[in-house]
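Take the sequence shown: its letter number 39 is residue 38 in numbering that gives the first Met the number 0, and every next letter is one higher. See structure below.
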Amino acid sequence: MVGTGEYTTGFVGGGASGSDKKVGVVGLTMFDLRRRGKVGQLSMVGTSGTKYPAIREHLHKNITQFYNGLDTSFQSYPADDKVDPHAYKAAIDALSPGDAITIFTPDTTHYPIALYAIERKIHVLITKPAVKSLAHHLALLEAAKKHGVFVYIEHHKRYDPAYADARFKAQSLGDFNYFYSYMSQPKSQLETFKAWAGVDSDISYYLNSHHIDINESMVQTLGYTPIKVSASASKGTALDLGCAPQTEDTISLLVHWVKTADPSKRATGVYTASWTAPQKAGVHSNQYFHYMASGGEIRIDQAKRGYDVADDRAGQLMWYNPFYMRYAPDEEGNFGGQGGYGYVSFEKFVDGCRAVNERGVEALEVLDKRGLPTLRNTVATTAILEAGRRAIDEGREVGIEEKDGVWSLI
């Protein structure tokens with residue numbers, strides 16, 4: 000597990016995160032997959048070893064003692080008294096070909112860490128976005144092919160039951176016409192992300208990546224491809240919160256799609272993401288979309304799912320999302336969230352790694368054809384995200400071209 004922050008451990012700023020990930024996602028899932036016999040030894044690597052005593056205490060208190068003694072032990076890098084931004088190399092060097100890593104680190108670090116692992120025949124899971132540039136995505140794709148490893152992008156919204164069903168139903172609704180999405184997180188998250196927000200990445204890479212992937216996976220099989228991107232960004236709130244001057248609050252991308260078999264058929268996608276939403280909205284993340292096609296439409300609002308809780312300690316009505324990570328224990332006291340789409344996403348990766356280890360490189364083609372969010376199946380998403388960033392920086396519309404399987408921005 001590369002990265003020791005909120006998503007891996009739930010540990011932020013000296014204690015449990017104030018978000019909906021108070022005990023993390025990656026670590027808890029891997030500890031439970033180890034209990035179930037699907038993974039073996041676990042290790043964790045960050046840049047500062049001084050955090051590990053507090054992280055271990057946090058995991059023991061909030062996971063081991065809560066989930067029937069669930070083993071939260073792990074080998075850590077660097078040592079508890081060391082700080083080393085390249086500790087991931089020692090951690091990966093300790094693995095064997097066919098082992099695997101997960102990467103939950105700032106976006107600019109995904110490429111070097113993933114490439115280092117791939118070149119040593121290690122399977123890789125990368126949080127979204129895979130990388131920030133199309134060139135890096137294609138380079139990783141070539142390296143993964145050369146070394147015969149499974150590289151998977153953690154687009155967990157594909158496994159949200161409603162989103163998964165919508166992707167299926169879209170196939171029978173005719174030609175793609177219009178898609179609009181919105182996804183947000185409260186301003187408090189900028190405290191967690193302040194070190195890299197607006198510096199190493201932006202809100203579009205962080206959150207628009209979800210719905211761009213959903214839309215692209217819906218229409219890819221219908222023969223649609225993105226051809227140009229324009230973008231707009233708002234600023235001011237993040238700056239008032241102490242973020243870097245270049246940090247945008249909200250970013251909207253406008254993407255033009257065309258049906259390759261019939262260029263007269265075109266579609267429009269609008270993707271908006273913000274990390275300056277109100278603190279007391281009652282949800283950690285507003286997330287919804289509208290998909291319209293020639294034969295019907297789909298609307299999904301996954302912020303308020305018909306499940307609300309009034310708690311005097313919170314001082315407001317809250318809408319929770321147990322479909323993502325259900326932290327309630329099962330009837331035996333063990334972690335019981337194996338059906339949550341956050342957990343399912345990791346289990347799909349682990350099963351894919353095991354398949355490649357057992358059957359060899361031919362299993363990689365099978366995994367791509369299943370429509371999983373593999374490196375090969377997410378090229379268009381990276382192209383759109385980089386084009387959106389360049390559209391803002393360069394003040395122009397950026398084209399996307401794909402010829403004979405070769406992608407480029409123009």
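Virtual Cβ for every residue (Gly too), placed ideally from N, Cα, C.
Considering just the uninterrupted stretch of the alpha helix (DSSP H) at residue i, what are its terminal residues?
| i | result |
| --- | --- |
| residue 92 | 86-92 |
| residue 288 | Counting along the chain, residue 288 falls outside any alpha helix (DSSP H), though it belongs to the beta strand (DSSP E) covering 286-292. |
| residue 208 | 208-218 |
| residue 72 | Segment: none, residue 72 is in no alpha helix (DSSP H) and carries neither H nor E. |
| residue 363 | 361-368 |
| residue 139 | 133-146 |
| residue 29 | 25-34 |
Excluding sequence positions up to five away, which residues of its chain have a Cβ less than 7 Å from the Cβ of residue i?
| i | result |
| --- | --- |
| residue 38 | 29, 32 and 349 |
| residue 91 | 100, 115, 116, 119 and 121 |
| residue 364 | none |
| residue 89 | 76 |
| residue 376 | 367 and 370 |
| residue 268 | 178, 214, 254 and 256 |
| residue 291 | 176 and 177 |
| residue 334 | 27, 31, 66, 69 and 328 |
| residue 299 | 161, 162, 165, 287 and 288 |
| residue 54 | 3, 8 and 10 |
| residue 266 | 175, 176, 177, 223 and 256 |
If I measure Cβ to Cβ from residue i and keep anything under 6 Å in the same chain, skipping five residues before and after, which residues do I get?
| i | result |
| --- | --- |
| residue 23 | 7, 8 and 9 |
| residue 131 | 106 |
| residue 396 | 227 and 229 |
| residue 45 | 3 |
| residue 211 | 270, 380 and 383 |
| residue 217 | 166 and 169 |
| residue 356 | 97 |
| residue 57 | 10 |
| residue 251 | 231 and 271 |
| residue 332 | 67 |
| residue 173 | 292, 293 and 294 |
Would you list the one or two residues that DSSP bridges to residue i?
| i | result |
| --- | --- |
| residue 256 | 225 and 266 |
| residue 402 | 405 |
| residue 6 | The partner list for residue 6 (beta bridge, DSSP) is empty, contrary to what the question assumes. |
| residue 298 | 289 |
| residue 179 | 269 and 289 |
| residue 76 | 44 |
| residue 238 | Paired residue(s): none; residue 238 is not in a bridge. |
| residue 82 | 47 |
| residue 373 | 151 |
| residue 101 | 124 |
| residue 231 | 251 |
Kindly indicate which three-state DSSP category residue i falls into: helix, strand or coil?
| i | result |
| --- | --- |
| residue 106 | helix |
| residue 49 | helix |
| residue 121 | coil |
| residue 334 | strand |
| residue 326 | coil |
| residue 306 | coil |
| residue 11 | strand |
| residue 95 | coil |
| residue 1 | strand |
| residue 355 | helix |
| residue 185 | strand |
| residue 384 | helix |
| residue 165 | helix |
| residue 378 | helix |
| residue 343 | helix |
| residue 130 | coil |
| residue 397 | strand |
| residue 171 | coil |
| residue 196 | strand |
| residue 390 | helix |
| residue 243 | coil |
Given a threshold of 16 other Cβ atoms within 10 Å of its Cβ, counted over all protein chains shown, does residue i qualify as buried or as exposed?
| i | result |
| --- | --- |
| residue 315 | exposed |
| residue 227 | buried |
| residue 204 | buried |
| residue 293 | exposed |
| residue 184 | buried |
| residue 347 | buried |
| residue 249 | buried |
| residue 152 | buried |
| residue 208 | buried |
| residue 246 | buried |
| residue 305 | exposed |
| residue 159 | buried |
Where do the ends of the beta strand (DSSP E) carrying residue i lie?
| i | result |
| --- | --- |
| residue 152 | 150-153 |
| residue 42 | 42-44 |
| residue 318 | 315-318 |
With a threshold of 8 Å on Cβ separation, who are the neighbours of residue i within its own chain once the five nearest residues in sequence on each side are excluded?
| i | result |
| --- | --- |
| residue 378 | 133, 136, 137, 140 and 406 |
| residue 285 | 181, 182, 183, 276 and 302 |
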